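In this note's numbering, the protein residues as written are 28 to 157.
The structure is reproduced here in structure tokens:
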């Protein structure tokens, strides 16, 4: 029951669906997929778009940043009556994911500009499996 509520909140809700679609468009404009029906399966699917373990871990970090930012926007809506701005939320996701990746790999050469414009190249230039 709890997993079902999480699926609805972070994956199937209207705003969440819009964000996931924008994220797919941001990460790879040519990437097309049928979204998995639950969060656990979706994480596995999302992390499985590349074959390299390091790149897969970076995709998982991006996925977690999406969930984190969606949850924060949801809480702001519920508790502070702040409307969700999809474009701002997407920018928050880009910054949050970049920040986590940057701190996971001290001394790395992750540029926020490169990350915001082309995360696939920033992750390692690996091809996204279609």
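We put the beta carbon where it would ideally sit given N, CA and C, even for glycine. Owing to the predicted nature of the structure, the values given are computational and were not obtained by experimental measurement.
Determine the direct distance from the alpha carbon of residue j to that of residue i, and round the result to whole angstroms.
i, j, result
"residue 118", "residue 40", "19 Å"
"residue 55", "residue 147", "7 Å"
"residue 145", "residue 51", "12 Å"
"residue 112", "residue 99", "12 Å"
"residue 120", "residue 108", "20 Å"
"residue 115", "residue 49", "12 Å"
"residue 142", "residue 129", "10 Å"
"residue 53", "residue 110", "23 Å"
"residue 104", "residue 45", "16 Å"
"residue 79", "residue 97", "27 Å"
"residue 71", "residue 86", "10 Å"
Short check: CB of residue i to CB of residue j, under 8 Å?
i, j, result
"residue 106", "residue 123", "no"
"residue 150", "residue 82", "yes"
"residue 131", "residue 88", "yes"
Please list the terminal residues of the continuous alpha helix (DSSP H) segment that includes residue i.
i, result
"residue 102", "80 to 107"
"residue 118", "113 to 131"
"residue 43", "41 to 54"
"residue 149", "146 to 150"
Let me make sure I understand the geometry here. Which of the options has the alpha-carbon closest to that of residue i?
i, options, result
"residue 47", "91, 142, 85 and 84", "91"
"residue 43", "85, 80, 53 and 101", "101"
"residue 127", "93, 97 and 115", "93"
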